[in-house]
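First comes the structure, then the notes that go with it.
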Amino acid sequence: MKVAGSNPVSRSTFKLREGFEANPSATGKAKRQRGWPASEEEWNDGGEEIPSPAPFYKCQEIKMNTFFPLLKVEKIIEKKAGNIYLAKRERGKERTSKKKVSSLLEVLEKVKKEHFSRKNRELSLLKSLKIKIFDKLPFISEMDLANKQISFDEEFFNILKSINPDSLLLFYTLSLYHAILCFSGKNQNEALLETSNLFDKFSDEDKKIVKNALKNSLIDPGNIFLKFLEAEGKEKLRICSLLKVRALIDLSYDGEKIEEVSKRCGADLQLLRTQILQSMASTYEPKVDENNAKRVFEHCLESDKRLLVCRFGRAFYTDALLIADSRGIREKEIDGDIKSLEKGFKKVSLKIKDLEKLGPELQTIFNLKRENWFSLAQIEGAIDKLKEELRKIELEFLEKNDKFYSYFYEENYSKIQNFRKNIDAFRKIVYRFEQKILSSPKFEPAFVSFLSRIHELDAINIARVNDLLDPFFGENPKVEKLIRDCGHNTTITPNSVWLQYAQDWVEALPAFAHYFIIPKDKGYEVIALTEREVLEIIYKTSADWWAKNIEDVMMRENVDIARRLVAAKSNLKDENEEKIIAFIKKNKKEKEVASLTVFIEECAQKRAKEISSLQSKGSSRYEAILKLCKNLKLKESKTENNKRADFYLPYVLQKKRPIPTVHVLTTLGPTETQVNIANWLEEAISLYNIEREYHLEKEVQDKMSFYRKE
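Letter 305 of the sequence shown, counting from 1, is numbered 305 in UniProt numbering, and no numbers are missing.
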């Protein structure tokens with residue numbers, strides 16, 4: 001697997017721009033501003049639309065969009081034992097007008113003057129700021145950093161106005177302050193923490209208005225944003241990460257009730273386990289988990305993240321956190337710098353033959369060009385190894401020449417000076433390369449979902465992991481920091497539906513193994529035993545989800561082949577998937593692609609033996625179908641299966657997925673994976689496919705019910 005974790009303590013960071021500095025002399029009281037819409041009618045006037053200016057600058061971020069993490073409440077699921085709050089993430093139509101924008105610009109100017117010191121360069125960035133207003137957005141505001149645009153949610157305005165009109169200016173002050181920080185180069189965490197500092201400078205009256213508004217049931221599900229404003233120290237950092245993960249995932253049980261239980265039980269661990277189990281079991285809603293899984297899957301697909309699903313346990317917990325905390329760099333970001341390093345090495349190695357010893361270390365870096373991306377930890381490790389070997393070569397040379405320095409002063413002095421000159425020239429190239437790595441845009445390549453059970457021993461783990469707390473109560477500051485750093489890329493669930501969307505499924509077999517240590521006359525005998533019956537049940541009961549996962553990959557492959565054929569018909573030779581999708585969307589060829597996809601699906605089923613033959617020769621399923629359909633005449637591809645074409649229509653503008661992978665972490669021998677686990681999965685998936693192909697679902701369910709009664 002390509003995703004590699006990075007050290008939570010030593011991982012290098014690089015601040016791209018300092019941006020604005022908060023003005024320490026800013027006053028606490030945020031005065032009411034003239035020009036703010038006096039009524040809902042004035043806000044909703046539907047005035048003249050404002051044309052969008054050209055993009056201003058390209059921000060040094062892979063993730064171009066960010067948001068102010070304050071959500072609305074869409075629905076409250078009422079249970080007998082508690083309530084589940086679901087966030088509203090609907091996205092509506094644009095309703096920008098001059099009057100609305102002018103009101104927000106006045107607040108923006110006020111925020112800049114009162115809360116920022118004047119820095120001409122950064123302030124000039126905001127002169128061409130585009131403001132858009134939508135009737136519905138997931139958050140109070142969103143920022144498009146690349147195009148220097150901020151979008152506001154009109155529905156939020158109406159909700160705040162209904163709660164307390166005095167809260168409007170305060171919330172939009174916080175939101176615009178956060179936006180300015182993001183546009184000036186701050187990351188999401190830095191911007192949120194400084195926004196919290198601004199709130200601390202509000203007057204007591206204004207703080208009370210904000211807090212009372214956040215307690216309203218229409219906004220801030222679970223009162224996470226309110227807790228963030230009230231928290232201090234490391235607790236604030238934890239909730240800062242919690243805000244980001246709650247923007248994507250709803251709790252599928254009553255989190256507030258479990259928080260009350262935790263406070264009430266204190267250090268009584270047994271009582272805590274029992275109480276959390278009762279609270280979770282009585283309020284859990286599986287449908288919420290299913291929606292979470294689908295939402296995270298779509299987020300990962302759009303963001304090029306790998307969704308990793310693994311069983312929760314000590315065997316893989318820390319490794320999973322390191323994967324969630326990993327950072328990646330696109331190969332295209334440093335392709336030129338790798339070439340410069342290679343060119344510099346060739347030039348200097350002609351003068352210093354000993355540098356040829358750096359070949360293995362340098363080859364590790366040069367090989368990165370073969371991949372689309374690589375982990376930050378991987379490249380940092382390669383650079384550290386390169387510098388270490390460079391120091392060894394330098395030391396060896398100096399020790400060798402120092403022995404005869406006095407006898408051959410003139411000759412050795414010149415030799416050492418020449419060596420020093422060339423070695424420093426190469427070291428400079430290495431340092432420049434390292435600086436480029438540190439300053440290059442990073443992205444987060446993985447999201448981790450743990451699987452657990454609502455059980456006496458496990459329910460507490462679900463509660464603590466979802467609250468970004470150490471489930472093992474270790475109180476290790478390094479682990480706690482790691483959890484805070486990667487918490488927005490982790491979740492835990494008792495629902496195996498996540499396997500339907502996983503890119504990587506990881507099972508750590510030590511969780512199902514135990515050992516007997518038998519004392520003997522001369523030492524000990526260790527016998528490893530695996531609970532294979534339990535292990536078999538785990539894999540076979542999960543096989544249906546995995547079959548659906550593979551089926552989804554196959555359907556997307558069919559769609560991608562159809563897209564390429566339609567694009568080729570229009571003489572679009574570009575192989576880039578995103579450009580092909582943009583072409584299909586621009587030319588409104590979605591129905592044509594959906595119809596052709598059905599034909600390709602039918603063709604693949606009819607020519608299954610030919611596809612299998614190509615696969616046996618090394619081709620993937622996708623490559624095999626593409627070869628068979630390459631010379632396909634589109635006139636022959638008409639289908640009367642309109643219902644199936646309608647099914648494929650939502651997939652037409654979505655990305656293709658790579659084939660998912662099962663990872664087995666074991667010390668018990670290769671046959672465990674290659675024989676037992678492979679057989680269990682293949683057998684269960686085959687039965688699942690037969691059941692569906694011959695419509696035996698009802699008979700199978702009846703048979704299962706009969707056996708359960710027995």
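Think of the CB as a built atom: it goes at the ideal place given N, C-alpha and C, for glycine as much as any other residue. None of these values were measured; they are calculated from a predicted model.
For residue i and residue j, I'd like the C-alpha separation in whole angstroms.
i    : j    : result
D521 : C240 : 58 Å
L565 : L626 : 9 Å
L145 : N189 : 15 Å
V448 : C310 : 8 Å
R391 : P441 : 29 Å
I611 : L687 : 22 Å
F134 : I580 : 29 Å
A320 : L451 : 12 Å
A22  : S184 : In this predicted model, A22 has a pLDDT of only 34, less than 50, meaning its place in the structure is not dependable; the value taken from the coordinates is given anyway. So the two alpha carbons sit approximately 12 Å from each other.
K698 : E551 : 21 Å
L169 : S162 : 14 Å
R427 : K421 : 10 Å
Y707 : T541 : 16 Å
F647 : K589 : 16 Å
E577 : K369 : 20 Å
A81  : S279 : 7 Å
R91  : A267 : 44 Å
E411 : C486 : 57 Å
Y57  : N489 : Because Y57 sits at a pLDDT of 29, beneath the cut-off of 50, its placement in the model cannot be relied upon, and the point is left open.
K573 : K332 : 21 Å
K75  : I677 : 42 Å
Q60  : S439 : Caution is warranted here: a pLDDT of 34 is assigned to Q60, below 50, making its placement in the model unreliable, and no coordinate value can be reported.
F366 : D335 : 9 Å
E480 : F473 : 10 Å
How is the beta strand (DSSP E) around residue i delimited, first residue to last?
i    : result
P286 : No beta strand (DSSP E) contains P286, which is instead part of the alpha helix (DSSP H) from 286-303.
S449 : 446-451
K88  : 82-88
V309 : 306-311
G328 : 328-330
D144 : 139-144
K132 : 130-134
Label residue i either buried or exposed according to how many other C-beta atoms from any shown protein chain fall within 10 Å of its C-beta, with 16 as the threshold for buried.
i    : result
K234 : exposed
M143 : buried
A213 : buried
V526 : exposed
L355 : buried
S203 : exposed
E682 : exposed
D560 : buried
V245 : buried
L702 : A quick correction: the sequence has Asp, not Leu, at residue 702. Classification for D702: exposed.
Please state if the CB of residue j and the CB of residue i are separated by a distance shorter than 8 Å.
i    : j    : result
A508 : L628 : no
A502 : L301 : no
P471 : W373 : no
L277 : E456 : yes
R607 : E557 : no
D250 : T283 : no
I209 : V111 : no
E361 : K339 : no
I258 : A463 : yes
F68  : F139 : yes
I483 : N461 : no
L176 : V101 : no
V506 : A425 : no
I584 : V652 : yes
P660 : V553 : yes
Which two residues bound the contiguous alpha helix (DSSP H) that contains residue i?
i           : result
E154        : 154-163
S375        : No alpha helix (DSSP H) holds S375; the beta strand (DSSP E) holding it covers 373-375.
E682        : 678-693
I258        : 255-265
K579        : 577-586
R273        : 269-283
T173        : 167-183
A231        : Where A231 is concerned, there is no enclosing alpha helix (DSSP H), given that its DSSP letter is neither H nor E.
residue 711 : Since the first and last residues shown for the chain are 1 and 710, residue 711 lies out of range.
N212        : 204-214
Please confirm whether residue i has its beta-carbon closer than 8 Å to some beta-carbon of chain D.
i    : result
N189 : Absence of chain D from the displayed structure is noted, only one protein chain being present.
> Mind pulling the alpha helix (DSSP H) runs of 4 or more residues that sit fully within the region 485-537?
Replying inline: Taking only runs of at least 4 residues, no alpha helix (DSSP H) segment lies wholly in the region 485-537.
> For the region 602-673, which segments carrying the beta strand (DSSP E) assignment without a break, of at least 3 residues, lie completely within its bounds, in sequence order?
Replying inline: The region 602-673 contains these whole beta strand (DSSP E) runs: 661-665.
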